[in-house]
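Undergrad:
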Amino acid sequence: MLTPTDETLLRRAIDIAANAVTIGDAPYGSLLADAAGTILIEEHNTVSRDNDIAAHPELKLARWAARELSPEAAAGTTMYTSCQPCGMCTGGIVRSGLGRVVYALATAQLVELNPGSGWPQVPQEGPALFEAARVPIEAFYRK
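The following block contains the structure:
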């Protein structure tokens, strides 16, 4: 259940997305707030501007949190974002240790609003060559 603070901060993420459009960027915005609801950082999508497929606001915030916050502080944050994080961003969010994500549009809703915006599946093969692949992993983790 969303609190009034959640709704306020989620509306701010939507405003960030709307502002991004006015400056020629894609309509996605996010912010990271601490446990008290204080905004720590805001970002919008700059994939086209930066010519960087990873310039999603959610991933930018996750990377910032991993660099700038202690694990305990990161765990107390909430990310508010205008759309549900994609798989790339979700991976970054998990690895950065953020505590919670609140989003406005689900991916399925985004695809309904922008048909053709889904991603194709890329075939993957593996696992393979376990004995060779384990050598650098063991060398690193068994120091």
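Numbering (the numbering used here) for the sequence shown: 806 to 948.
Beta carbons: idealized from backbone N, C-alpha and C, even for Gly.
Remember, it's a predicted structure, so these values are computed and weren't measured experimentally.
(1) Measure the CB-CB distance between Gly897 and Ala871 and report whether it falls below 9 Å.
(2) Would you report the Cα separation of Gly934 and Arg947, rounded to the nearest angstrom?
(3) Looking at the strands, I want to know which residues DSSP matches up with Cys888.
(4) Where does Glu863 sit, in a helix, a strand or coil, going by DSSP?
(5) Give the secondary structure of Arg947 by DSSP, where H, G and I count as helix, E and B as strand, and everything else as coil.
(6) State the DSSP-derived secondary structure class of Gly759, mapped to helix, strand or coil.
(7) Give me the Cα-Cα distance between Met806 and Arg816, rounded to the nearest whole angstrom.
TA: The answer reads as follows:
(1) yes
(2) The sequence as given places Leu at residue 934; Gly does not occur at that position. Roughly 20 Å separates the two Cα atoms.
(3) Leu910
(4) When DSSP states are grouped into helix, strand and coil, Glu863 belongs to the helix group.
(5) coil
(6) Residue 759 is absent from the model: the chain starts at 806 and stops at 948.
(7) 16 Å
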